[in-house]
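Only one structure is covered here, and it is reproduced in the block below.
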Amino acid sequence: MTDDILGGLELLLQPAPLFFLFLGVTVGFVVGVLPGLSTSNTAALLLPFSISLPLESSLVLIVSIYAGAAFGGAVPAILLNVPGETGSAVTALDGHPMAKDGQGGYAIGIARMASVLGGVISGLVVLLVLAPLGDLALKFGPREMFVVILLGFVVASSLMGAKVYRGLLAGLLGLMIATVGASPLSAEQRFTFDVLSLYEGVPFIPALIGAFAVSEMLLLISERKLVQVDRSGIYIGGTKRQMDDAVRGVRTTLKHPGAVAQATGVGMFLGVIPGIGTSIANFVSYGFARRRSKHPERFGKGSPEGIIAAEACDNAVTSATLVPTLTLGIPGSATMAVVLGALLLQGVQPGPRVLVSNSGEVYAVVLALIVASLLILPLGVLLAAPLTQVTRIPIKFLVPAVLFLSLTGSFATRNSTFDVALTLGFGVLAYFMRLHGYPVIPMILALILGPLAEENLMRSLALGNDSIGYFFGSPVVNILWVLFVAMIGYLIWAGVRARRQEATDSADDGPVDTESQR
Amino acid sequence: MDAGRGGDSGPEARVSRFGPGLWVWRLSVALLILVVAVGMLVGSSGIEGRDAFYPRVLAAVVTAFALYAIVREAQEFLAERRGTTGSDTEPESIDNVPDAGVEGRGGVGVAARRVVAFCAVAVVSVWLIDWVGYYIASAVLLAGGVLVLGVRSPLKVAIYTGALIGVAYLLFGLLLGVPLPRPLWS
């Protein structure tokens with residue numbers, strides 16, 4: 014393992030990956046600050062242009078954007094009460110009251126240090142657990158992989174969206190789309206309608222860019238009134254005051270080691286579950302912190318502990334999502350789906366073998382996430398004030414520009430206008446689904462998981478002479494089946510409970526409590 | 036897309052007022068997926084041997100699940116219309132998150148004309164790419180896009196479009212060497 018880590022370090026400490034690390038964190042800040050541009054959108058947009066880069070640089074760029082955005086989203090959340098990322102909504106609960114009291118810079122300082130600690134600690138843990146988990150995953154045969162994919166698909170799909178059945182249905186749609194193209198068995202063409210561009214399947218990048226970026230832009234312009242941000246209180250002082258606030262933020266955060274550890278732990282635990290994402294994890298972390306605090310009454314009114322709970326957790330989730338992504342090939346989040354897309358585009362099959370075939374690149378990515386988290390401290394001080402000005406870009410100028418970039422990116426991958434049209438098609442489909450409360454992330458995950466599921470299913474059937482009994486023929490696969498059945502049981506139980514709760518709420522004339530995540 | 040709103044005298048009057056159009060709109064995603072699944076089931080009959088196994092099983096599962104989803108959507112829609120599960124204008128996504136916007140609200144509050152006009156501009160510009168080339172089609176997209184979104188100053192539209200096309204030319208045309216589509220006449 015030490016050799017692998019050193020190999021990763023050697024790869025990372027080259028000029029090109031380091032350049033993309035800096036670039037990624039900076040772009041991540043911008044993305045995080047801009048409401049409407051999410052990390053996954055930006056990573057998807059950059060994917061076509063990163064194909065020409067070496068694998069490690071391409072991956073480092075994506076995860077650095079992820080780390081930068083995890084903190085960047087806190088800046089507008091604190092100063093303007095407009096979360097740049099969904100997870101930052103929790104930061105706004107205590108950060109914005111502090112900003113209104115003229116303590117915006119101090120709140121940003123706390124958020125910055127909490128982000129650094131959350132990212133670094135969780136990154137180090139990921140670094141240590143990756144190899145043992147990878148070794149375990151390597152023992153999985155096709156039948157185990159099939160059940161793992163099934164489990165990952167159900168977990169990820171059911172946890173996204175307001176209703177479990179909507180997430181699952183969106184995922185199933187993705188699985189159907191993934192059957193388009195050559196069969197993995199005989200390369201016979203299926204559902205291609207003689208369209209040459211579909212012979213290798215539905216291209217991933219147009220689907221990804223359309224589902225994430227284009228649909229997001231359409232949602233932005235769907236508001237009756239194009240949202241303009243109230244910029245009062247955006248000023249966070251001159252350089253000296255910003256430095257003072259940064260130092261105070263560091264001190265305050267370090268005075269709450271328990272809060273940092275708890276938030277990081279919650280983020281890591283929830284982050285390894287595919288599909289949980291930062292918004293749910295941050296709310297859970299915030300709830301824990303308030304319950305554990307000596308001053309719960311201060312939460313929501315400008316408590317530093319509240320900011321720490323949200324921000325340390327946010328960055329811990331970011332690192333933790335690497336675990337299912339790299340050990341099982343199941344994306345832990347939308348951005349990790351882009352990471353898997355980058356691997357596929359570079360000819361690397363996602364899954365446990367990545368840890369053997371590309372161990373250097375994998376460890377370089379984890380190390381990049383740690384270094385990117387550390388970089389948040391200096392770059393965050395330098396860039397926080399100028400980046401608040403980014404929020405001045407009006408939506409009416411932002412949306413056509415992002416769409417233009419999206420369509421260009423789609424074209425650049427295969428020089429195909431068919432892909433451009435497909436991007437638009439996926440964008441409209443995803444927009445339509447999101448309007449109706451159907452999450453699109455399961456659809457994209459299914460596009461990746463679908464071919465893997467089919468391949469492993471067919472290989473298992475071949476190995477077991479078409480016997481169903483083969484799928485229950487090892488202790489490991491039986492444990493996985495038990496987990497799968499338990500998950501299905503939990504979903505049914507949770508569904509029944511939610512419906513009863515809804516009925517009770519409506520009888521009491523109370524609010525409908527629903528939960529979702531992007 | 037405001038059809039989901041009530042504004043009538045009572046729950047029963049509201050129930051009686053929603054017609055087939057509203058039903059189709061509410062169930063549209065599940066219906067669409069059902070149609071795709073049935074199409075796949077039918078289409079898989081043309082695939083031979085083991086290659087057909089996975090798509091056939093998948094299509095059958097999706098068909099069954101889409102039917103279940105349609106029933107669930109219908110039940111929820113009826114309950115909402117009767118006012119038993121809170122307001123239908125309540126967003127179903129991310130509770131209390133400020134940027135939840137129109138997502139998950141079934142089209143309620145959507146500026147439909149703006150979205151349709153913007154999509155039309157995008158479709159036209161994509162259709163134009165093979166005829167007039169990348170740069171002119173992009174100019175149509177950018178200028179048309181900002182016009183639809185309310186920018187009325189010709190100078191601003193021209194500067195915005197020109198600047199982005201210029202950046203694209205430098206970045207994609209010169210720096211990255213992407214072979215962007217050229218006009219038919221060139």
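Going line by line, the protein sequences match chains L and E. If you read the first sequence in the working numbering, its first letter stands for residue 14, the second for the next number, and so on. If you read the second sequence in the working numbering, its first letter stands for residue 36, the second for the next number, and so on. We put the beta carbon where it would ideally sit given N, CA and C, even for glycine.
For residue j and residue i, believed in contact at Cβ under 8 Å, the rounded distance
i	j	result
L:Gly-319	L:Ala-333	L:Gly-319 to L:Ala-333, Cβ: 21 Å. No contact.
L:Phe-217	L:Gly-354	5 Å
L:Val-415	L:Met-230	5 Å
L:Gly-118	L:Arg-254	6 Å
L:Val-227	L:Leu-211	Their Cβ separation, rounded to whole angstroms, is 19 Å, which puts L:Val-227 and L:Leu-211 out of contact at 8 Å.
L:Ile-408	L:Leu-239	5 Å
E:Val-181	L:Pro-413	6 Å
L:Leu-328	L:Gly-81	In the sequence under discussion, the amino acid at residue 328 of chain L is Asn, which differs from the Leu named in the question. Not confirmed; about 10 Å, so no contact.
Min CB distance residue i to chain L below 8 Å
i	result
E:Val-71	yes
E:Gly-141	yes
E:Gly-144	yes
E:Val-181	yes
E:Val-158	yes
E:Ser-221	no
E:Arg-107	yes
E:Pro-216	yes
E:Leu-93	yes
E:Tyr-170	no
E:Val-64	yes
Residues near residue i in its chain [Cβ-Cβ closer than 6 Å; skip 5 each side]
i	result
L:Val-378	Leu-72 and Val-76
L:Pro-67	none
E:Thr-196	Ala-174, Leu-177 and Ala-178
L:Lys-314	Pro-110
E:Val-167	Pro-218
L:Tyr-376	Asp-17, Ile-18 and Gly-21
Own chain partners of residue i with C-beta closer than 7 Å, once the 5 adjacent residues on each side are dropped
i	result
L:Met-446	Ala-183 and Val-453
L:Leu-133	Per the sequence shown, residue 133 of chain L should be read as Val rather than Leu. Within the same chain, L:Val-133 has close Cβ partners Ile-383, Ser-386 and Leu-387.
L:Met-500	Leu-164, Val-167 and Val-168
L:Ala-150	Thr-340, Leu-341 and Pro-365
L:Gln-279	The displayed chain sequence assigns Val, not Gln, to residue 279 of chain L. Hits under 7 Å: Ala-294, Val-297, Ser-298, Phe-301 and Cys-326.
Backbone secondary structure at residue i - three-state DSSP
i	result
E:Val-159	helix
L:Glu-229	helix
L:Arg-203	strand
E:Val-92	helix
L:Val-167	helix
L:Gly-342	coil
L:Glu-236	strand
L:Asp-526	With a pLDDT of only 38 at L:Asp-526, under 50, the local geometry of the prediction cannot be trusted, and the value read off the model is given with reservation. Correct three-state label for L:Asp-526: coil.
E:Val-145	strand
L:Gly-194	strand
Contacts of residue i in chain B (Cβ-Cβ under 7 Å)
i	result
L:Tyr-503	Although the question refers to chain B, the structure presented lacks it and instead comprises the protein chains L and E.
Cβ neighbours of residue i in the same chain (closer than 8 Å, five flanking residues each side left out)
i	result
E:Ala-94	Ala-72, Val-73, Met-75, Leu-76 and Ser-79
E:Ile-200	Tyr-170, Ser-173, Ala-174 and Leu-177
E:Arg-149	Val-183 and Leu-184
L:Leu-540	It is not possible to answer for residue 540 of chain L, since the shown part of chain L is limited to 14 through 531.
L:Val-489	Lys-152, Phe-153 and Glu-157
L:Leu-477	In the sequence under discussion, the amino acid at residue 477 of chain L is Gly, which differs from the Leu named in the question. Answer for L:Gly-477: Arg-156, Tyr-483, Phe-484 and Gly-486, listed in chain order.
For residue i, the nearest candidate out of the options (CA to CA)
i	options	result
E:Leu-66	E:Leu-102, E:Val-151, E:Val-161 and E:Val-156	E:Leu-102
L:Ala-475	E:Asp-86, E:Leu-57 and E:Ile-82	E:Asp-86
L:Leu-368	L:Ala-57, L:Leu-283 and L:Val-142	L:Val-142
L:Glu-374	L:Gly-21, L:Ala-322 and L:Met-14	L:Gly-21
E:Pro-55	E:Ile-164, E:Leu-163, E:Arg-91 and E:Ala-109	E:Ala-109
L:Thr-348	L:Ile-78, L:Phe-35 and L:Pro-30	L:Ile-78
L:Ile-121	L:Tyr-376, L:Pro-391, L:Phe-497 and L:Leu-504	L:Pro-391
L:Leu-24	L:Leu-357, L:Ser-70 and L:Val-273	L:Ser-70
E:Val-159	L:Ala-466, L:Val-433 and L:Val-260	L:Val-433
L:Asp-17	L:Gly-81, L:Gly-360 and L:Gly-147	L:Gly-147
Beta carbon proximity, residue i to chain E, threshold 8 Å
i	result
L:Phe-445	yes
L:Phe-33	no
L:Arg-1	With chain L represented from 14 up to 531, any question about residue 1 of chain L goes unanswered, as that position is not in the structure.
L:Ser-529	With a pLDDT of 36 at L:Ser-529, under the threshold of 50, the predicted position of this residue should be treated as unreliable, though the coordinate-derived value follows. Output row for L:Ser-529: interface = yes.
L:Leu-437	yes
L:Gly-187	no
L:Ile-78	no
L:Thr-338	no
L:Ser-480	no
L:Leu-182	yes
Contact test: residue i Cβ vs the ligand ADP heavy atom, cutoff 7 Å
i	result
L:Phe-445	Among the components modelled here there is no ligand, and therefore nothing to report on the ligand ADP.
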